[in-house]
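Chemist:
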Amino acid sequence: TQLLEQSPQFLSIQEGENLTVYCNSSSVFSSLQWYRQEPGEGPVLLVTVVTGGEVKKLKRLTFQFGDARKDSSLHITAAQPGDTGLYLCAGVGYNTDKLIFGTGTRLQVFP
Amino acid sequence: ETGVTQTPRHLVMGMTNKKSLKCEQHLGHNAMYWYKQSAKKPLELMFVYSLEERVENNSVPSRFSPECPNSSHLFLHLHTLQPEDSALYLCASSVGTGGGYEQYFGPGTRLTVT
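For the record, the sequence lines run as chains A and B. Be aware that the first sequence starts at 1, since it is given in the working numbering, and climbs by one per residue. Be aware that the second sequence starts at 1, since it is given in the working numbering, and climbs by one per residue.
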């Protein structure tokens, strides 16, 4: 069974701080997606990374796919209250072509 | 309406009730999904439909019964639920069923079983 563990589970920080969220597995994924889910809403796709070592930037958010395509990280620079939400990574199984969601990181950014 | 809509947004039901959740997508997608989101557990895929045909059923108890009358509509019929079935039920759609396709989620139905 493919599992995606995210850390930390919870993160509570002040506006302006930097943070990194990790998504780890022992399995290889053909691609990895990051979603953000705001309270009362469904998850919304932020980015998809496909190549090992790939780095993608979305304004203050930087996403990296591990060289071995088993892990990924999300770094947020100068966090804003609008970044508050549940961050979910989701990997596409290399052999299964199925999307597996991670355990989630709940981020709260205080003004 | 745009995107993926779900009704009702909140539902409280007794263990002996029968109710249905409705999902509608306005994106022209061919695949639709039901997920269960519980506290402290990863998002659990329940059912996958492709062009109205069920292509995946992830060992979901028979008290959950999906129905897909057309590619735009998806229902989840509920009967004799248990308190542990209380969760957020999310519907999603995508162009195809391959894992690499972006999934578009609805806002969910918050279900409480009393």
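Note that CB positions come from ideal geometry on N, CA and C, so glycine has one too.
Let me check understanding here. Comparing Cα to Cα, which of Q103(B), K18(B) and T16(B) lies closest to Q25(B)?
Modeler: To locate residue 25(B), count along the second sequence from 1; it is residue 25. Distance from the Cα of Q25(B) is smallest, within the candidate group Q103(B), K18(B) and T16(B), for Q103(B).
Chemist: How about F75(B): is its C-beta nearer than 8 Å to some C-beta of chain A?
Modeler: Taking the second sequence and counting its residues from 1, one reaches residue 75(B) at position 75. Not one chain A Cβ lies under 8 Å of F75(B).
Chemist: For T80(B), which residues from the same chain have a beta carbon less than 7 Å from its beta carbon, with the 5 sequence-adjacent residues on both sides left out?
Modeler: In the second sequence, counting from the first residue as 1, residue 80(B) sits at position 80. Around T80(B): M15, T16 and R63.
Chemist: From the DSSP output, which residues share a beta bridge with Y101(B)?
Modeler: For the purposes of this step, residue 101(B) is taken as residue 101 along the second sequence, with counting starting at 1. DSSP output for Y101(B) lists no bridge partner at all.
Chemist: List in chain order: all unbroken beta strand (DSSP E) runs of 3+ residues lying wholly within the region 3-79 of chain B.
Modeler: Positions of the beta strand (DSSP E) runs, each at least 3 residues long and wholly inside the region 3-79 of chain B, are given as 4-7, 10-13, 18-25, 31-37, 44-50, 53-57, 64-70 and 73-79 in order along the chain.
Chemist: If distances are taken between C-alpha atoms only, which option among T84(A), D97(A) and Y94(A) comes closest to G104(A)?
Modeler: Here the question's residue 104(A) lines up with position 104 in the first sequence. Nearest C-alpha to G104(A) among T84(A), D97(A) and Y94(A): T84(A).
Chemist: Is DSSP giving D71(A) helix, strand or coil here?
Modeler: Reading the first sequence from its first residue, position 71 is the one you call residue 71(A). In the three-state scheme derived from DSSP, where H, G and I count as helix and E and B as strand, D71(A) is classed as strand.
Chemist: For P113(A), tell me which candidate among T96(A), C89(A) and R69(A) has the shortest Cα-Cα distance.
Modeler: Chain A is shown only over 1 to 111; residue 113(A) falls outside these bounds and no answer can be derived.
Chemist: Whole angstroms are fine: how far does the CA of Q14(A) sit from the CA of C68(B)?
Modeler: Within the second sequence, the letter at position 68 stands for residue 68(B). Within the first sequence, the letter at position 14 stands for residue 14(A). Roughly 45 Å between the two C-alpha positions.
Chemist: Considering only residues of the same chain and omitting the five flanking positions on each side of V28(A), which have a CB-CB separation below 8 Å?
Modeler: Here residue 28(A) is taken as the residue at index 28 of the first sequence, counted from 1. Excluding positions up to five away in sequence, the list reads A68, R69, K70 and Y94.
Chemist: Of all the options K22(B), V113(B) and V48(B), which has the alpha carbon lying nearest to the alpha carbon of S59(B)?
Modeler: Residue 59(B) sits at position 59 when you count from the first residue of the second sequence. Checking every option, the nearest Cα to that of S59(B) belongs to V48(B).
Chemist: Which chain A residues sit within Cβ distance under 9 Å of E24(B)?
Modeler: As a working note, residue 24(B) is residue 24 in the second sequence. Near E24(B) there are no residues of chain A at all, since even the closest Cβ is about 14 Å away, more than 9 Å.
Chemist: Where P43(A) and Y35(A) are concerned, what is the direct C-alpha to C-alpha distance, given to the nearest angstrom?
Modeler: The residue given as residue 43(A) occupies position 43 in the first sequence. The residue given as residue 35(A) occupies position 35 in the first sequence. Here the alpha carbons of Y35(A) and P43(A) stand approximately 6 Å from one another.
Chemist: Taking DSSP's pairing of strands, which residues face E5(A) in a bridge?
Modeler: Here residue 5(A) refers to the residue found at position 5 of the first sequence. Note: E5(A) sits in a beta bridge opposite N24(A).
Chemist: Can you tell me where the beta strand (DSSP E) with R36(A) in it begins and where it stops?
Modeler: Taking the first residue of the first sequence as position 1, residue 36(A) is located at position 36. Its beta strand (DSSP E) spans residues F29 to Q37.
Chemist: Compare the beta carbon distance of G66(A) and G52(A) with 8 Å and say whether it is the shorter of the two.
Modeler: Translated into the one-based positions of the first sequence, residue 66(A) becomes position 66. Translated into the one-based positions of the first sequence, residue 52(A) becomes position 52. Contact: yes.
Chemist: What did DSSP end up calling G85(A) once you bin it into helix, strand or coil?
Modeler: Against the first sequence, residue 85(A) aligns to sequence position 85. Here G85(A) sits in strand by DSSP.
Chemist: Quick check: is the beta carbon of S26(A) nearer than 8 Å to any beta carbon in chain B?
Modeler: As a working note, residue 26(A) is residue 26 in the first sequence. Chain B, which has no Cβ nearer than 8 Å to the Cβ of S26(A), makes this no.
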